[in-house]
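Chains as they are written, first to last, in our numbering: chain A, 1 to 199; chain B, 1 to 391; chain C, 1 to 390. C-beta: ideal position from N, C-alpha, C; glycine also. First up is the structure itself, then whatever we jot down about it.
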Amino acid sequence: MLGEGILKGLAETAKNFAGSFVSAERLTTVQYPEERIAPIEATRDFPFLVYDGADWEAGLRCVACQICEKECPPKCIYIEKSTDKKPDFTGKPQFYPARFDIDISVCMSCQICVEVCPFEAIKMDTEFELSTEDRFAGLLFDRKQLAKPNEHYRKIHPAEAAAVDARLAAEKAKAGARAKAASDAAAAKAAARPAEGGD
Amino acid sequence: MMETLDQIFVLLSRWLVGFLPAGWQTAAGVVLGVAAIVCLFPALFALTVLLERKGLGRMQNRIGPNRVGPFGILQPVADGLKSLTKEDIVPTRADGVVHFLAPLVLVTAVFMGFAVLPMGRNMTLVKMDASLLFYFAVGAPTELSIFMAGWSSRNKYSLLGAMRAVAQMISYEVPLLVSTVAVVMIAGSLSLDKIVEAQNHYTWGLPHWYIFTPWGFAGFVLFAIAATAETNRSPFDLPEGESELVAGYHTEYSGFKFALFFLGEYLGMFSVAGLGATLFLGGWSAPFSFLGWVPSWIWFFAKLLLAMCAFIWLRGTLPRLRQDQLMNFAWKFVLPLAMLNLMVAALWHFLGHGWARWVICSAILAVSYVLLAWAEMRGRRLGPRSYRYAG
Amino acid sequence: MAVADNKTEKLEGWNRPPVMEPEGEGELLEVATGPHHPSTHGVFRMDVALDGERVIRLKPVFGYLHRNHEMLAEGMSYLGSMPFTDRLDYICSLTNNWAYALAVEKLTGQEVPERAEYLRVILGELTRFQNHASSIGFLIQEMGASGTPLMYAFREREKILDLFEALTGARMMVNYMRFGGCRVDASAAWLDAARKVVAGLPGFVDEMDRLLSTNEILMARTQGIGILRPELAVNAGVTGPMLRASGVNYDIRKVDGYGIYNRFNFRVPLGDHWDVYDRYMIRLLEMRESIKILEQALKDIPAGPVMDPKAKLRGFRPKPGEAYGRIEAPKGELGFYLISDGGPNPYRYRVRPPSLINLTVLEDMALGENVADVVLIFGSVDIVLGEVDR
């Protein structure tokens with residue numbers, strides 16, 4: 001009350017001043033872009049489409065079910081379904097998106113599209129240095145720009161990608177087992193029919 | 001060898017004017033001195049601005065500017081270029097002549113104050129018998145210039161800001177003067193050179209600086225408070241505060257004129273810090289007698305730099321006082337203590353030499369400070385509180 | 001005290017706006033502070049009428065940030081509104097999420113697993129801590145301390161935001177709570193990181209305390225300024241630290257005991273002088289209480305699922321009914337009132353914004369005060385325009 005409060009305050013600032021030369025706790029600046037903070041694994045910025053294998057068109061996991069388009073809160077996804085089908089990773093023929101546009105100037109990174117996708121097709125990227133000079137077309141990503149390989153997903157979110165890969169492998173195994181059982185049953189039926197037909 | 005280094009600027013100036021005919025030499029010497037001051041102190045200003053930004057940054061756990069040049073050394077150059085190239089907007093209704101003259105008056109008045117500061121042994125530009133009086137007389141136009149700035153802008157809010165700034169500066173002028181009168185009394189002279197000479201003695205290696213006496217310490221603290229308020233520095237920088245409703249007196253200034261106001265404020269800081277160093281910290285004398293071989297001007301500028309660091313430290317820590325609170329503080333706290341300090345200085349002089357005068361003077365000052373502070377805070381029902389808890 | 005003479009003691013006529021007569025002649029100086037102003041915490045305008053230095057009239061004008069949140073929610077599914085609740089009080093997005101999730105859980109009667117409740121408490125108290133730190137920082141910044149306490153507060157806030165990013169994926173707009181639990185589980189590594197951060201927080205609160213609480217200039221600027229009497233606070237519906245600084249013991253964490261708050265041992269600080277200094281100190285003391293809760297929750301968190309396994313993400317249609325879910329958000333009582341008609345979208349979605357309701361007493365607090373203090377009083381209310389305007 002007699003001025004010692006001011007002196008205590010001055011001592012605090014002096015401590016911080018002196019500390020800024022010796023401890024990293026007291027000088028928390030990271031001089032971007034020369035230095036960067038290590039990215040945190042769970043961070044999310046904008047969505048991207050995952051494809052398996054080398055060919056992005058053939059390996060694209062998205063089946064154009066349009067669930068993410070419906071659930072997206074700011075409605076930044078635009079999907080056009082294809083008219084033909086292509087086989088997915090289990091071999092089953094599925095539709096694919098003829099057009100898949102995301103307007104990242106509208107996208108608010110809420111990640112609901114990732115949560116509701118039943119096919120593990122859309123995931124969150126960690127790229128944020130996306131500035132461009134064209135503020136309309138430069139921020140509208142189409143199918144080709146959004147498609148990134150599964151290796152990229154494994155690199156940016158290793159734990160999540162490992163879990164997703166395990167899940168997809170289990171599904172593929174189950175589908176393979178079902179297909180094998182079905183083909184065995186069909187072969188058994190085919191083997192039985194000529195015997196009946198011959199009668 | 002050390003004496004040459006100590007007197008190097010004096011010898012240099014004598015050698016340079018030696019090239020001119022005899023009739024011109026004194027005038028040329030003065031011009032050379034003026035040129036040196038006009039070149040040196042703005043350079044110090046640039047350095048201080050950078051030091052302030054980096055110092056504030058470090059206090060706030062961040063680095064200050066460091067992109068322009070190594071460690072940001074060229075930042076003031078960038079700032080200067082920016083202010084030179086900005087458009088100079090003068091409001092149409094403003095009083096053009098006064099608007100133009102205000103920053104010039106400020107800078108001129110502040111520069112004149114440097115003429116009497118002893119910056120080293122034999123390094124005072126103008127030796128006068130009443131240099132302290134000259135200093136304060138010449139510092140008066142600074143307040144005038146602020147009022148000129150507010151008035152000429154023809155802006156209701158600038159005028160209000162200017163009036164508040166002038167009121168603040170006038171209120172703190174009185175304690176500033178009164179705290180220096182104690183020094184004049186004890187040194188027995190108004191001449192700044194003689195005041196430095198009076199402090200340039202050593203006992204057991206320790207100097208006779210006035211700050212090491214009770215009345216000198218109190219006087220120094222009061223002088224520092226009044227000086228901070230005179231130069232509109234935090235915590236007394238309400239006239240320049242951006243987060244207040246009423247704009248400051250330099251709202252209508254842009255470009256180089258604004259830079260001149262800024263320059264004037266910092267030069268004022270140097271000037272008053274130099275005066276404080278001369279009056280209380282022994283000017284150009286060394287802190288210990290065995291350090292007397294270091295050139296005297298180094299000590300003067302070191303003390304100046306120390307004062308700058310103190311200003312920056314205060315700015316980084318303390319919030320602002322409100323206008324009426326700062327006026328109250330000036331008239332009801334600083335001024336009574338300054339006048340009491342005068343009496344204590346007189347008592348010091350007449351109590352002879354011994355330990356008794358130390359004890360008595362310190363006791364009087366300490367008790368009166370505590371009583372005044374306690375009365376101020378209690379009167380406004382201010383004070384630390386304790387809190388109750390529920391649940 | 002500012003307006004004790006001009007108002008009747010009984011408050012039945014509070015609907016009548018308070019008046020203050022100007023002393024002396026001369027016209028009143030009308031100043032519009034904002035919306036573009038460094039100290040108005042966002043786009044906010046105050047039309048102030050001054051008599052010399054005293055405030056005669058103050059009219060807050062807001063709506064500059066109105067984004068149609070409530071109407072948007074009527075056209076969106078329940079899950080789709082969750083990211084928009086992040087953006088209400090954009091500094092404390094986790095508590096906004098929690099209040100909304102609580103309201104929907106009341107509507108459907110869903111149960112929340114225990115681990116999820118613990119995680120909600122941990123994240124809620126971390127949010128409260130960083131909100132109070134920022135609030136104090138901004139208050140002192142407006143007082144002109146060139147932002148030093150603000151920088152210290154933001155230094156600690158960065159650590160907490162890094163924790164949020166590691167768990168939820170985003171620093172501020174987290175979109176983390178779901179109806180029936182939380183979106184993702186926290187790993188053991190995250191809990192350890194959280195414990196480390198929480199261990200460093202008491203040192204920071206001590207640092208702010210030493211820097212500020214006994215500072216004479218701070219005391220001179222804030223003590224006795226902006227007094228809010230408890231009867232007025234209760235009548236006006238003020239909640240949160242403002243109400244507790246006016247001495248009224250009302251903390252929804254104790255009153256409702258929502259979630260599992262009745263398991264934790266913490267106290268509620270109350271103020272006796274009802275001024276800006278009390279509001280600053282109550283926030284500081286609440287930071288200390290939050291640390292206590294955090295330490296207890298981080299110690300006791302059990303293993304288990306974090307989401308009700310029967311909860312549906314898509315096709316979520318609660319039965320027709322209404323529910324009001326409220327929590328003690330850092331700014332006050334944040335409530336969500338939902339009316340469901342059985343469809344996928346809510347029929348009516350209403351947010352009770354604590355910042356707006358706390359702002360209604362701004363004029364009462366500021367009448368008769370010096371114009372330089374209006375900014376301080378406004379800062380002590382601690383509003384966020386996203387919540388005021390929705």
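Less than 8 Å separating the beta-carbons of residue i and residue j?
i                      : j                      : result
residue 131 of chain C : residue 330 of chain C : yes
residue 120 of chain C : residue 332 of chain C : no
residue 102 of chain A : residue 158 of chain A : no
residue 226 of chain C : residue 385 of chain C : no
residue 191 of chain C : residue 291 of chain C : no
residue 148 of chain B : residue 98 of chain B  : yes
residue 228 of chain B : residue 314 of chain B : yes
residue 68 of chain A  : residue 122 of chain A : yes
residue 280 of chain B : residue 219 of chain B : yes
residue 136 of chain B : residue 177 of chain B : yes
residue 84 of chain C  : residue 66 of chain C  : no
Taking the C-alpha atoms as reference points, what is the distance between residue i and residue j?
i                      : j                      : result
residue 349 of chain B : residue 338 of chain B : 17 Å
residue 267 of chain C : residue 40 of chain A  : 35 Å
residue 10 of chain B  : residue 123 of chain B : 7 Å
residue 54 of chain B  : residue 70 of chain B  : 13 Å
residue 13 of chain C  : residue 236 of chain C : Because residue 13 of chain C sits at a pLDDT of 47, beneath the cut-off of 50, its placement in the model cannot be relied upon, and the point is left open.
residue 110 of chain A : residue 145 of chain B : 57 Å
residue 72 of chain B  : residue 151 of chain A : 43 Å
residue 339 of chain C : residue 64 of chain C  : 27 Å
residue 179 of chain B : residue 358 of chain B : 19 Å
residue 105 of chain C : residue 241 of chain C : 26 Å
Who are residue i's beta bridge partners in DSSP?
i                      : result
residue 59 of chain C  : C/47
residue 99 of chain A  : A/80
residue 42 of chain C  : Residue 42 of chain C pairs with nothing; no bridge assigned.
residue 87 of chain A  : A/93
residue 71 of chain A  : In the DSSP output, where bridge partners are listed per residue, residue 71 of chain A has none listed.
residue 388 of chain B : C/270
residue 60 of chain A  : A/51
residue 327 of chain C : C/334
I need the boundaries of the alpha helix (DSSP H) containing residue i, first residue and last residue.
i                      : result
residue 111 of chain C : First-last for residue 111 of chain C: undefined, no H or E at that position.
residue 183 of chain C : Note, residue 183 of chain C: premise wrong, no alpha helix (DSSP H); not H, not E.
residue 340 of chain C : Taken as a continuous stretch (DSSP letters only), residue 340 of chain C belongs to no alpha helix (DSSP H), being part of the beta strand (DSSP E) at 332-340.
residue 357 of chain B : 355-379
residue 29 of chain C  : Element bounds for residue 29 of chain C: not the alpha helix (DSSP H) but the beta strand (DSSP E), 29-33.
residue 250 of chain C : Premise fails: residue 250 of chain C is in no alpha helix (DSSP H) and is neither H nor E.
residue 172 of chain B : 156-187
residue 266 of chain B : 256-280
residue 191 of chain C : 188-208
residue 113 of chain A : 112-116
residue 325 of chain B : 323-329
Assign residue i to one of three DSSP states: helix, strand, or coil.
i                      : result
residue 416 of chain B : Because chain B in this structure spans residues 1 to 391, residue 416 of chain B falls outside the shown range and cannot be described.
residue 136 of chain A : coil
residue 50 of chain A  : strand
residue 124 of chain B : coil
residue 8 of chain B   : helix
residue 144 of chain C : coil
residue 157 of chain C : helix
residue 141 of chain A : strand
residue 92 of chain B  : coil
residue 207 of chain B : strand
residue 322 of chain C : strand
residue 370 of chain C : strand
residue 3 of chain B   : helix
Under DSSP, the beta strand (DSSP E) around residue i begins and ends at which residues?
i                      : result
residue 124 of chain A : 122-124
residue 348 of chain C : 346-352
residue 270 of chain C : 268-270
residue 149 of chain A : 147-149
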